[in-house]
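S.K.: The structure's right below; bear with me while I get my questions together.
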DNA sequence: TCAAAAGTGTTTATAATACACCCATGG
DNA sequence: CCATGGGTGTATTATAAACACTTTTGA
């Protein structure tokens, strides 16, 4: 069997990862200082090149791990960018992926990787190539996702307060939501367990801690379940 | 300036187009008989390879035109497929695009291209590689899009009846919708103009013809406008 | 005159939104 | 005893869904 592919152009396929982090009410993005040309020394998304022996998802995981030490991050494919001059050095197509994680839970992994740094969305530096476009598209996608389906585990400590959860939504959606409506909505979703424990760190009264109920959450995920935050 | 890209793998980047067609209440997909190895003679999506000098969108348009004669079709990027063994002949990544068109308006262009053929979704043949997956993902995306935002121009004749529009939605969503709710909804969107003309071809009473109001439609498109069909 | 498709509104249910006061406690 | 953040419920509005009869006219 001979394939008729001999005359076709081959190109470099890059992967760029947009990692959003949530910490203390603030939505951030993880960037790295590029250590090779072109644009060496400038800030960029976490990127690298696909190898022939791996899928794009594999490549994204490998690159993320190499540049930041993080592992077990589920990333979702976002878009493939193909402007001819997007990388001035050579014709390169890039597929972008994104994920959102809890910064605290991954801080230790990151400490030794001094090239990677968290930036608040509001004061992120200008990025190389079309990475600003990628970031924007990722923000849009994240907002849409967030407003129609509950945010998963792993973004908050195992035990968290309603206030923390609300702050998370507010950070992603970039607007305030009504406390009572928010709580009612979350309750109606029935994916949280209220604990007897209280968090005393931010008030005299203390606020109840909650956990995600993995089973209920999974059950709902499979259906056409959605959440709309007022 | 030297780029540090020399050691990276290069791959073939393919483009596959999923063209949905609507004709007479039936939703179809356009397939071609492959005329090169591997899998020569089998049915596949409309595909080809990216050239170094074009974007993916350019490539999609070029390939669609080459294989079917169609032009001026706006396609939306769907997903990039990268399983290592997806094409057994050589490592190939593929970005898929989709569009939906009015079959009647493009029939003439297609007549001379005997390799391309419309198939109803319900009895499409098995496709090569991962093309069935691509098709499925495209159907899902099309349904979601359809249920949250009005379908554009170009899918129906310039003048059309409410019945035709309803059939279009029903074909895409693959379920019946209530006539009165549908009409009320469409009216509330305020993007159609009712003409004085009637279509007499399907009843003695005749049914009014409508046209899209391009300006109103564009205005709404820019907003967060959406439509939900009961 | 009747068959076949067109056209038309109202009621009900559900979901989204707006909104304000009391509670508990450590200092 | 009071300042601070925690906790709670209801009324209103908007949207979705269910539902059936009358009109027209060519054959």
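Protein chains in written order, with my numbering: chain C, 879 to 1108; chain Z, 879 to 1108.
Backbone N, C-alpha and C fix where the C-beta goes; we use that ideal spot for every residue, glycine too.
One question on the structure: do residue 890 of chain C and residue 914 of chain C come within less than 8 Å of each other, judged by their Cβ atoms?
M.R.: No, these two residues do not count as a Cβ contact at 8 Å.
S.K.: Closer than 8 Å, CB to CB, is residue 886 of chain C near chain Z or not?
M.R.: Answer yes: the Cβ-Cβ gap between residue 886 of chain C and chain Z drops below 8 Å somewhere.
S.K.: Excluding the 5 residues preceding and the 5 following residue 1008 of chain C in the sequence, name in chain order all residues of the same chain whose CB lies nearer than 7 Å to its CB.
M.R.: The answer, listed in chain order, is 959, 961, 964.
S.K.: Please go through the same chain and pick out, in chain order, the residues whose beta-carbon is closer than 8 Å to the beta-carbon of residue 979 of chain C, but skip the five residues on each side of it.
M.R.: So the qualifying residues of the chain are 897, 898, 899, 900, 948, 951, 1032, 1033.
S.K.: For residue 958 of chain Z and chain C, any beta-carbon pair shorter than 8 Å?
M.R.: Cβ-Cβ to chain C under 8 Å: yes for residue 958 of chain Z.
S.K.: Can you confirm whether residue 891 of chain C, when its beta carbon is compared against all beta carbons of chain Z, has any partner nearer than 8 Å?
M.R.: Closer than 8 Å: yes.
S.K.: Look at the Cβ atom of residue 1073 of chain Z, then the Cβ atom of residue 1064 of chain Z, and state whether they are nearer than 8 Å.
M.R.: No; because the gap between Cβ atoms is not below 8 Å, this pair is not in contact.
S.K.: Near residue 969 of chain C, what residues of its chain come up, given a Cβ to Cβ distance below 6 Å and the 5 sequence neighbours on each side ignored?
M.R.: The answer, listed in chain order, is 889.
S.K.: Report the residues of the region 942-976 of chain Z with a CB closer than 7 Å to any CB of chain C, ordered along the chain.
M.R.: So the close ones are 955, 957, 958, 960, 961, 962, 967, 968, 969, 971, 973.
S.K.: I'd like to know if residue 934 of chain C contacts chain Z, where contact means its C-beta is closer than 8 Å to some C-beta of that chain.
M.R.: So yes, residue 934 of chain C belongs to the interface.
S.K.: Could you tell me whether the region 1053-1063 of chain C touches the region 988-1006 of chain C, where touching means 3 or more Cβ pairs closer than 8 Å?
M.R.: The region 1053-1063 of chain C vs the region 988-1006 of chain C: no contact.
S.K.: Contact defined as beta carbons within less than 8 Å: I believe residue 976 of chain Z pairs with residue 956 of chain Z. What is the distance between those atoms, to the nearest angstrom?
M.R.: The Cβ separation is near 5 Å, so the contact holds.
S.K.: Looking at chain C, is there any beta carbon in it that lies within less than 8 Å of the beta carbon of residue 1024 of chain Z?
M.R.: With 8 Å as the cut-off, residue 1024 of chain Z does not count as an interface residue toward chain C.
S.K.: Does DSSP classify residue 1007 of chain Z as helix, strand or coil?
M.R.: In the structure shown, residue 1007 of chain Z sits in coil (DSSP, three-state: anything other than H, G, I, E or B).
S.K.: DSSP three-state label for residue 1086 of chain C, please.
M.R.: It is a strand residue.
S.K.: Measuring only the C-alpha atoms, how far is residue 893 of chain C from residue 925 of chain C?
M.R.: Cα to Cα, the separation comes out at about 5 Å.
S.K.: Please name the residue, chosen from Z/1077, Z/985, Z/1024, Z/906, that lies closest to residue 1051 of chain Z on a Cα-to-Cα basis.
M.R.: Taking only the C-alpha atoms, the option nearest residue 1051 of chain Z is Z/1024.
S.K.: Under 9 Å Cβ-Cβ, which residues of chain Z neighbour residue 911 of chain C?
M.R.: Near residue 911 of chain C there are no residues of chain Z at all, since even the closest Cβ is about 15 Å away, more than 9 Å.
S.K.: The region 1080-1100 of chain C: which residues have C-beta closer than 9 Å to a C-beta of chain Z, in chain order?
M.R.: For the region 1080-1100 of chain C, which is checked against every Cβ of chain Z, not one residue is closer than 9 Å.
S.K.: State yes or no: is the C-beta of residue 892 of chain Z nearer than 7 Å to some heavy atom of the ligand FAD?
M.R.: Annotation note on the ligand FAD: not contained in the displayed structure, which lists no ligands.
S.K.: Does the Cβ of residue 1016 of chain Z have 16 or more other Cβ atoms within 10 Å, making it buried, or fewer, making it exposed?
M.R.: Label assigned to residue 1016 of chain Z: buried.
S.K.: Evaluate residue 1090 of chain Z with the Cβ neighbour count: other Cβ atoms within 10 Å of its Cβ, from every protein chain shown; 16 or more gives buried, anything less gives exposed.
M.R.: Answer is buried; the Cβ neighbour count reaches 16.
S.K.: Over the uninterrupted beta strand (DSSP E) stretch that includes residue 1057 of chain Z, give me the two end residues.
M.R.: Not the beta strand (DSSP E): residue 1057 of chain Z falls in the alpha helix (DSSP H), residues 1057-1067.
S.K.: Can you tell me whether residue 1029 of chain Z is helix, strand or coil according to DSSP?
M.R.: Residue state, collapsed to three classes: coil.
S.K.: Since residue 996 of chain C and residue 908 of chain C should fall inside the 8 Å C-beta cutoff, what is the C-beta to C-beta distance between them, to a whole number of angstroms?
M.R.: Right, the Cβ-Cβ distance comes to about 6 Å (below 8 Å), so this counts as a contact.
S.K.: Given that a residue counts as buried once 16 or more other Cβ atoms are within 10 Å of its Cβ, and exposed if not, what is residue 1012 of chain C?
M.R.: It is buried - the Cβ of residue 1012 of chain C has at least 16 other Cβ atoms within 10 Å.
S.K.: Using the beta-carbon count (16 or more within 10 Å), is residue 879 of chain C buried or exposed?
M.R.: Per-residue confidence for residue 879 of chain C stands at a pLDDT of 44, beneath the threshold of 50, marking its modelled position as unreliable; the derived number appears in the next sentence. Its Cβ having fewer than 16 others within 10 Å, residue 879 of chain C is exposed.
S.K.: Anything in chain C within Cβ reach of residue 927 of chain Z, meaning under 8 Å, just list it in chain order.
M.R.: Within 8 Å Cβ-Cβ: 883, 886, 887.
S.K.: What are the start and end residues of the beta strand (DSSP E) that includes residue 977 of chain Z?
M.R.: Looking at the DSSP string, the run of the beta strand (DSSP E) that includes residue 977 of chain Z is 970-980.
S.K.: Going along the chain, which residues of its own chain have a beta-carbon closer than 6 Å to the beta-carbon of residue 972 of chain Z, five neighbours each way excluded?
M.R.: These residues qualify, in order along the chain: 892, 894, 959.
S.K.: Taking 8 Å as the threshold (beta carbon to beta carbon), is residue 1072 of chain C in contact with chain Z?
M.R.: Taking Cβ atoms only, chain Z never reaches closer than 8 Å to residue 1072 of chain C, which makes this a no.
S.K.: Give me the chain Z residues within the contact set of residue 920 of chain C, using Cβ-Cβ distance strictly less than 7 Å, ordered along the chain.
M.R.: Those do not exist, as residue 920 of chain C stays about 13 Å from chain Z at its closest Cβ, beyond 7 Å.
S.K.: Who are the Cβ neighbours of residue 943 of chain C in its own chain at under 8 Å, not counting the five residues just before and after it?
M.R.: Closer than 8 Å at Cβ, skipping near neighbours: 949.
S.K.: Considering only residues of the same chain and omitting the five flanking positions on each side of residue 987 of chain C, which have a CB-CB separation below 6 Å?
M.R.: Result list for residue 987 of chain C: 947, 948, in chain order.
S.K.: Just the chain Z side, please: which residues come within less than 7 Å of residue 1015 of chain C by C-beta, in chain order?
M.R.: Near residue 1015 of chain C there are no residues of chain Z at all, since even the closest Cβ is about 11 Å away, more than 7 Å.
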